[in-house]
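Report on the structure given below.
2 protein chains.
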Amino acid sequence: MAAILAIGDEVLRGEITNTNSTFLAERLFDAGLDVCEQRVVADEAADMRRALEELAHRAAVVVVTGGLGPTEDDRTVDVAAELLGVEAEPHSASLEAMKKRFAAHGFELTPNNLRQVRVPQGAEALPNGAGIAPGFVVHFAGCAIYFLPGIPREMERIYLDHVAPRLRAQMAAQGVPVAAVRTWHVYGMGESHIDHRLAKLLEDIPHATLHFRTDAPENHVKVVIRGSDTAKNQELLGQVDRDLRKRIGAGIYGTDNETFALVVGQALRTSGTTLALAESCTGGEAGQMITSEPGASDFFLGGVVAYSNDVKINVLGVKAATIAESGAVSEPCAKEMAEGARRVTGATIAVSITGVAGPAKERDPSPSGGSDKPVGTVCFALASAKSTKAVSKLFSGDRARIRRAAAYFALDLARRHSQ
Amino acid sequence: MAAILAIGDEVLRGEITNTNSTFLAERLFDAGLDVCEQRVVADEAADMRRALEELAHRAAVVVVTGGLGPTEDDRTVDVAAELLGVEAEPHSASLEAMKKRFAAHGFELTPNNLRQVRVPQGAEALPNGAGIAPGFVVHFAGCAIYFLPGIPREMERIYLDHVAPRLRAQMAAQGVPVAAVRTWHVYGMGESHIDHRLAKLLEDIPHATLHFRTDAPENHVKVVIRGSDTAKNQELLGQVDRDLRKRIGAGIYGTDNETFALVVGQALRTSGTTLALAESCTGGEAGQMITSEPGASDFFLGGVVAYSNDVKINVLGVKAATIAESGAVSEPCAKEMAEGARRVTGATIAVSITGVAGPAKERDPSPSGGSDKPVGTVCFALASAKSTKAVSKLFSGDRARIRRAAAYFALDLARRHSQ
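Chains as they are written, first to last, in my numbering: chain F, 1 to 419; chain W, 420 to 838.
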């Protein structure tokens with residue numbers, strides 16, 4: 001059992017979201033430790049001490065974040081030392097590193113700076129590869145308590161550099177096997193549909209659990225196998241992978257760290273396709289997405305954001321008559337947008353997006369707003385050397401969700417064309 | 420004192436981030452209640468009960484989220500009933516509403532559906548304006564415990580509809596004054612710089628606290644005044660507002676719910692300016708941002724995403740010689756991009772962005788990647804009827820952060836031009 005304690009008034013008051021605990025919870029769980037509690041308390045010695053005592057009695061591992069900074073409000077080292085009945089003292093390697101760093105920048109050390117390189121006597125320091133304050137680990141009431149800074153970048157670095165390997169070693173020493181974990185990323189299929197297809201997926205797999213997460217319009221399916229044999233866990237995960245791919249099919253676009261933009265980009269790159277975009281209601285979101293991963297210049301040429309009808313007509317060559325007859329949110333308009341984007345950029349393929357992102361009260365009575373179409377209506381087209389094909393969708397949700405769904409759908413058209 | 424308890428394995432395992440607790444913490448604090456603890460426990464009766472008992476003894480108000488759904492894993496109603504020594508029973512108004520809703524969709528009620536409209540006997544139900552399961556409030560150990568669903572949309576709706584008014588009434592009955600709260604949004608000034616300018620801002624204001632939040636490239640400054648006189652709190656807030664605006668000046672672009680896109684849009688709309696964009700390294704992010712608020716068609720015409728040099732040359736009319744001599748990431752190129760975007764769209768002004776978003780290892784040795792410029796270098800230009808002016812910036816951070824900073828800077832150029 002593990003527990004997570006975040007220390008800090010900013011989290012307690014809702015000024016920042018506690019993403020540190022999300023990071024730690026996911027990694028502890030995947031490492032094979034059940035997290036029994038997450039807690040947030042103030043930068044107050046009494047509150048911190050009570051939380052540490054309670055959690056140390058409930059869990060074998062506690063990970064604490066926050067309160068290791070240079071100010072008087074940062075009391076974590078003192079509370080940890082007091083809990084152990086020892087003094088806090090500077091960690092010499094961290095002190096030397098800080099001195100070097102300050103000298104290089106010409107900064108002067110203040111007494112407060114000295115505060116943040118202290119650890120409790122006898123504690124094992126965990127060097128901070130991304131900042132100044134070291135983390136440290138102490139043992140109390142049969143529990144290993146890891147203390148990490150509250151700054152996410154520093155916390156993550158120390159966790160990955162020092163805590164994760166120690167937990168792995170500790171669990172190996174205790175004969176705890178390594179869990180097999182994989183996350184499949186699904187696009188174009190609703191959660192209930194996925195759920196239905198995955199019925200009894202893990203029926204014959206002992207010690208396996210299935211977890212869903214929706215990050216619209218994506219769904220993520222995670223499987224964790226925690227059997228007693230590390231090799232067997234991996235073997236079973238391979239079996240689950242094959243079964244899951246049979247059930248979900250092309251809905252799975254990638255796993256683990258593969259983003260949608262990365263996978264679309266790989267399909268374009270591999271097939272030697274170059275892409276241009278013509279965006280109306282998304283305002284540039286599809287272009288932003290496809291360029292979010294580095295290296296997009298291999299296949300993405302650019303495009304036109306044709307928010308107004310004049311830009312559709314004058315830059316993309318959409319016919320005024322098309323807009324007058326069918327509306328700007330129509331398949332004929334989408335086709336001419338895609339063809340125009342392909343023509344002006346010279347790309348192998350071009351994809352267009354034109355729709356009504358809403359909200360309803362903002363719908364424009366002029367043809368440009370597509371007033372005769374319901375909010376969520378989005379028309380797409382893909383133009384290639386061979387043909388131009390259009391398709392329409394009705395997305396639900398608010399403006400941001402509709403636009404995001406449209407950007408995904410447009411990029412997915414490009415991906416499917418390139419496969 | 421208030422406390423927040425989230426119930427749910429998904430949060431505990433790090434599958435979802437606990438944004439519910441952030442939402443509640445911020446609102447409880449702004450309402451004048453200090454939050455002493457946030458906690459997350461599993462969907463296990465024993466864990467839930469212990470947490471409820473401990474928190475009820477520490478706080479006068481506890482807000483609980485999660486575990487009110489239809490499945491057997493949703494145990495919150497049963498645990499609350501057991502804590503009070505009563506039975507759980509259907510809340511008739513919620514039951515009727517659910518029956519109507521299911522009939523309208525032609526769904527059949529299952530026994531599980533009946534589970535989610537139950538509340539403990541004697542509890543006051545809090546109707547769910549955004550879903551099925553009602554919230555409820557019970558009194559235990561001198562503490563008011565509010566139970567809300569875990570789905571954020573439903574939780575927020577019930578909190579705003581029923582919990583916030585009850586807390587206000589309760590605090591008014593106790594003679595607790597209403598806090599005055601405002602958040603100022605700052606762009607173009609670092610946190611340490613803001614901090615320096617705000618030194619002693621609240622020195623003469625009793626019961627006032629200052630809170631920072633960075634949401635790069637924005638900084639948010641919040642002031643909460645919790646004096647004993649509601650009217651006086653508002654008066655003092657007005658005084659702080661004037662002082663703060665004097666100290667920060669034009670760095671403040673808006674307050675509370677005003678987004679950057681909204682404020683840029685208002686400046687363009689009010690001045691009768693129409694805007695076009697020419698984006699390279701941002702890939703469409705500035706266009707996505709300016710169209711994130713509805714009504715952008717009043718002032719935003721569109722633009723060109725000129726990711727490749729060919730698009731810069733062929734669509735925007737940038738001279739090949741300019742790119743050959745100065746590079747694609749240069750002020751001369753930025754100027755020709757902005758002028759081209761203005762020419763092809765007919766906008767009053769056009770703003771261009773061309774830069775090196777990184778990461779370093781992805782830098783392209785060809786001129787298109789601007790290989791001779793350090794990562795983070797971004798050149799901008801603003802073209803109007805009168806002139807074209809360019810400016811260069813060096814942003815730090817990863818690819819996403821550099822691109823976001825560039826999109827903000829480009830839109831800010833348009834805002835400042837329109838003021």
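The beta carbon of each residue, even a glycine, is placed where N, CA and C say it ideally should be. Only a predicted model underlies this, so the values are computations on that prediction, with no experimental measurement involved.
query: Contact set between the segment 335-346 of chain F and chain W, restricted to residues whose Cβ is under 9 Å from the partner; result: V344, T345 and G346
query: Member of F:A31, F:A2 and F:A385 whose CA lies at the smallest distance from the CA of R226 of chain F; result: F:A31
query: Within chain F, partners of E491 of chain W - CB distance below 7 Å; result: Correct list: empty, because the minimum Cβ distance to chain F is about 16 Å.
query: Proximity below 9 Å, CB of L832 of chain W to CB of V810 of chain W; result: yes
query: At least 3 beta-carbon pairs within less than 8 Å: the segment 570-586 of chain W vs the segment 596-615 of chain W; result: no
query: Whole-angstrom distance between A216 of chain F and G370 of chain F, CA atom to CA atom; result: Any reading at G370 of chain F must be qualified, since the residue scores a pLDDT of 46, below 50, and its modelled position is unreliable; the value itself is stated next. Roughly 25 Å between the two C-alpha positions.
query: Within chain W, partners of C36 of chain F - CB distance below 8 Å; result: L431, V460, A461 and D466
query: Min CB distance D729 of chain W to chain F below 9 Å; result: yes
query: Contacting residues, own chain, Cβ-Cβ under 8 Å from A360 of chain F (five flanking each side not counted); result: V375
query: Local Cβ density within 10 Å of Q457 of chain W, reported as buried at 16 or more and exposed below that; result: buried
query: Chain-ordered chain B contacts of N733 of chain W [CB-CB under 8 Å]; result: Among the protein chains in the structure shown, which are F and W, there is no chain B.
query: Below-9 Å beta-carbon distance, S440 of chain W vs any chain F residue; result: yes
query: For D634 of chain W, the first and last residue of its enclosing alpha helix (DSSP H); result: Unbroken run through D634 of chain W is the beta strand (DSSP E), A627 to D634; no alpha helix (DSSP H).
query: V612 of chain W: contacting residues in chain F (beta-carbon distance under 8 Å); result: Note that residue 612 of chain W corresponds to His in the displayed sequence, not to Val. In chain order: nothing, as chain F lies at least about 17 Å away.
query: Residues bridged to L801 of chain W (per DSSP); result: W:V770 and W:K808
query: Residues near K641 of chain W by beta carbon distance below 6 Å, same chain, minus five either side; result: T602 and H630
query: Residue(s) in a DSSP beta bridge with K641 of chain W; result: W:T602 and W:H630
query: DSSP three-state assignment for A406 of chain F, whether helix, strand or coil; result: helix
query: Whole-angstrom C-beta distance between P568 of chain W and L487 of chain W, which should lie under 8 Å; result: 5 Å
query: Straight-line Cα distance separating N638 of chain W from A824 of chain W; result: 13 Å
query: Pairwise C-alpha distance: A381 of chain F and V351 of chain F; result: 6 Å
query: Close-in-space but distant-in-sequence residues of the same chain around P70 of chain F (CB under 7 Å, 5 per side omitted); result: N112, N113, R115 and Q116
query: Interface flag, V178 of chain F vs chain W, CB-CB below 9 Å; result: no
query: Min CB distance E285 of chain F to chain W below 9 Å; result: yes
query: Stretch-stretch touch, CB-based, cutoff 8 Å, three pairs: the segment 288-298 of chain F with the segment 340-351 of chain F; result: no
query: Closest Cα partner of N309 of chain F within the set W:V730, W:G722 and W:T689; result: W:G722
query: Option in W:L503, W:E677 and W:L545 with minimal Cα separation from A583 of chain W; result: W:L545
query: Contact list for the segment 85-109 of chain F against chain W, Cβ threshold 9 Å; result: none
query: Sequence-distant residues of the same chain with beta carbon closer than 6 Å to Q540 of chain W, five excluded per side; result: V505, E506 and E508
query: C-beta neighbour in chain W for S280 of chain F, strict 9 Å; result: yes
query: D614 of chain W versus K665 of chain W - alpha carbon distance; result: 14 Å
query: Those residues which DSSP pairs with H139 of chain F across a bridge; result: F:A144
query: F23 of chain F, enclosing alpha helix (DSSP H) - first and last residue; result: T19 to D30
query: Straight-line gap, E445 of chain W to A173 of chain F (C-alpha atoms, nearest Å); result: 44 Å
query: Nearest to A357 of chain F (by Cα), restricted to the options F:T345, F:E331, F:F395 and F:K389; result: F:F395
query: Where A123 of chain F falls: helix, strand or coil (DSSP); result: coil
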